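In our numbering, the protein residues as written are 35 to 737. Where is the CB? At the ideal position from N, CA and C, for every residue including glycine. Just so it is clear, the structure is predicted and the values come from calculations on it, not from any experiment. Right, one structure below, let's go through it.
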């Protein structure tokens, strides 16, 4: 079984701490040494002003670049700015004396600006815009990624099923438009249908020079080698229309010279043109089958917006969970330090009592065992704190290569706040909110609309192909009458030039220039025009039947999946509400246990003064109080996570946290979030933050 990333990091930190302890002597705390760990908090800094964002996220790529005034602009590649891996200025503003003082609001703001999961997801918005631009040209869409990125290690989404202080990252992806679609459903038929002629006008040109010398083997050939030079310049135009029509135009030109005396003209000029309009009458008729890619691409762009909102929710959920893991680790170090300090004081008392004979030597051994156990617990707590700090710094920064950031301790300045009276919201009201706001359901509804568009296009593709067409054109001929051809008026030969039987331009002249050739195209000298119908009926039509049935099945499958999602949302909301209720009771129970343990310890200490109890009982009371305080911190963290999960389940996490979607989209926070159910930490002394180098030491250098 592979080792989870968090466990691997934890083992590395434990190994590092053990090496430090083995190589560096250290002594326990004295009884008089202060144990306070809550840092005094300097005045909060002013909110940093956002800098100019990365242009890649500020441009609408569905808008084509204009050819005016620079006609070459559409043919030049667009340079997309490289991603920035520098951290936002907010991190520096929150760092003081080598420590980063972070409230829960600061953590969420930093994640919105720097978290790489969000940065990866932002590109999907621009990719969807580029796909829409592609669809507007009449081309098929490539699809967009609508999955959730979870590559930030250290925090699970939802806060369910995991232990406090742990969680793994992962990645889920889903492509919209082709392949695997929204909610992981297959979309193999999405986009198929009648062929679409490009909506972008296309010009074609062909220029060719051909020199051809041919050895003659005919008894009628007047020359042994016929030399012929041909110059051609042909042009074409094609454009499709959204209603199912297509316009094509061709304009061909030929210049031919030859040494063959039997050729009437040399050089010979030829020009012709034709415009043809074709309209689909059955398959491919109307706007829907021809604009299906545009409509689906617009839906995919909307899905990308919703998917990015879901990404924000997922990332904020994860970041908040990680913050409370850090708060738990921070408070747990305080609890373990207090326990160790008391155990060390009890050890000193036991030694003095043993020296004067008022306590047996075994009591000293027992106290030493308790001190050793508390030292081990403190090391584990400190290593967990280091791990949580590392994970959080990675989650709220683009890069942790900065040595100042890498070595800085993270000091949480928000504490958990459990309301005295938990607000009661009817469960059906929360379910209705979830059904309206959950991003997964919004995605599913948009996806159903795309599939409905697709089904109509596929049904249209079952029809035979019937096209009405009309065309108009003309041709012209020019050049010089071959001097080697005799005039019929001066010879009786059957091979001669007779102006009366020549093409109209040569009836009055022996040479016609290129201008005269082009004039024939428009003066109805030799027009080419017509109308017609073209019918193509595929017998049995099995391919179209298969596509239509499969598209319908995929649509019905998506309907079932949407209903399943709605049921899942209902269960998640109810489960999240149950967890909140249970965790409120758990916090109250843990608080009662702490109060009882503290009162019991105080009472036993009074008994110890008059000799009614033993030091061993006092150590047991202290251990019970330590366990109770640790459980209380863990219960509060679980409560905060359950509140986050309830907000996520109802789809109101961003609203309740005061997160501005536009800020998150730009990656520039101008409106600081306001996470509920938290309180500022009460300050003590800035030097009393939890030790990060192992067991607290005192002068003397002894463990």
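Supposed contact pair residue j and residue i - C-beta distance, whole angstroms, cut 8 Å
i           : j           : result
residue 638 : residue 650 : About 11 Å separates the two Cβ atoms, so there is no contact after all.
residue 159 : residue 698 : About 11 Å; that fails the 8 Å criterion.
residue 124 : residue 150 : Incorrect: roughly 16 Å between the Cβ atoms, too far for contact.
residue 279 : residue 312 : 7 Å
residue 401 : residue 380 : 5 Å
residue 507 : residue 342 : About 53 Å; that fails the 8 Å criterion.
residue 685 : residue 471 : 3 Å
residue 659 : residue 632 : 6 Å
residue 539 : residue 564 : Not confirmed; about 24 Å, so no contact.
residue 493 : residue 591 : 18 Å between Cβ atoms; not a contact.
Among the options, nearest to residue i - alpha-carbon criterion
i           : options               : result
residue 320 : 716, 589, 107 and 495 : 495
residue 614 : 233, 711 and 715      : 711
residue 473 : 241, 371, 338 and 451 : 338
residue 609 : 329, 676, 157 and 667 : 676
residue 484 : 670, 329, 222 and 94  : 329
residue 254 : 545, 532 and 296      : 296
residue 358 : 110, 672, 510 and 434 : 672
residue 415 : 376, 365 and 464      : 365
residue 261 : 250, 246 and 267      : 246
residue 738 : 481, 607, 110 and 176 : Coverage of the chain is limited to positions 35 through 737, which leaves residue 738 absent and any answer about it impossible.
residue 176 : 222, 100 and 411      : 222
residue 437 : 133, 110, 111 and 690 : 133
residue 118 : 714, 705 and 701      : 701
residue 298 : 307, 168, 532 and 465 : 532
residue 491 : 91, 224 and 156       : 224
residue 509 : 691, 433 and 307      : 307
Beta-bridge partners of residue i, as assigned by DSSP
i           : result
residue 443 : 133
residue 399 : DSSP, once it has assigned bridges, lists no residue as partnering residue 399.
residue 503 : 312 and 566
residue 242 : 266
residue 450 : 712
residue 249 : 259
Rounded C-alpha distance that separates residue i from residue j
i           : j           : result
residue 771 : residue 550 : A question about residue 771 goes unanswered here, because the residues of the chain that appear run from 35 up to 737.
residue 274 : residue 537 : 37 Å
residue 678 : residue 478 : 24 Å
residue 20  : residue 454 : Absent from the model: residue 20. The displayed extent of the chain is 35 to 737, so no value can be given.
residue 323 : residue 577 : 18 Å
residue 183 : residue 152 : 8 Å
residue 165 : residue 543 : 59 Å
residue 336 : residue 136 : 35 Å
residue 444 : residue 361 : 10 Å
residue 363 : residue 427 : 15 Å
residue 185 : residue 178 : 19 Å
residue 95  : residue 291 : 52 Å
residue 403 : residue 392 : 20 Å
residue 131 : residue 419 : 19 Å
residue 142 : residue 148 : 10 Å
residue 593 : residue 346 : 26 Å
residue 670 : residue 348 : 21 Å
residue 571 : residue 498 : 5 Å
residue 285 : residue 276 : 25 Å
residue 239 : residue 266 : 10 Å
residue 655 : residue 373 : 11 Å
residue 29  : residue 289 : Here the chain comprises residues numbered 35 to 737, so residue 29 is not present and cannot be evaluated.
residue 707 : residue 120 : 22 Å
residue 333 : residue 174 : 14 Å
residue 98  : residue 171 : 10 Å
For residue i, three-class secondary structure by DSSP
i           : result
residue 95  : coil
residue 128 : coil
residue 270 : strand
residue 542 : coil
residue 197 : Its pLDDT being 37, under 50, residue 197 is placed unreliably in this model, and the value from its coordinates should be taken loosely. Correct three-state label for residue 197: coil.
residue 56  : Caution is warranted here: a pLDDT of 35 is assigned to residue 56, below 50, making its placement in the model unreliable, and no coordinate value can be reported.
residue 310 : strand
residue 563 : strand
residue 469 : helix
residue 305 : strand
residue 110 : coil
residue 580 : helix
residue 78  : With a pLDDT of only 47 at residue 78, under the threshold of 50, the placement of this residue in the model should not be trusted; the figure read from the coordinates follows. Reduced to three states, the DSSP call for residue 78 is coil.
residue 289 : strand
residue 279 : strand
residue 743 : Limits of the chain in this structure are 35 at one end and 737 at the other, which puts residue 743 out of reach.
Distance cut-off 7 Å: residue i Cβ against heavy atoms of the ligand MG
i           : result
residue 607 : This structure lacks the ligand MG; in fact it carries no ligand of any kind.
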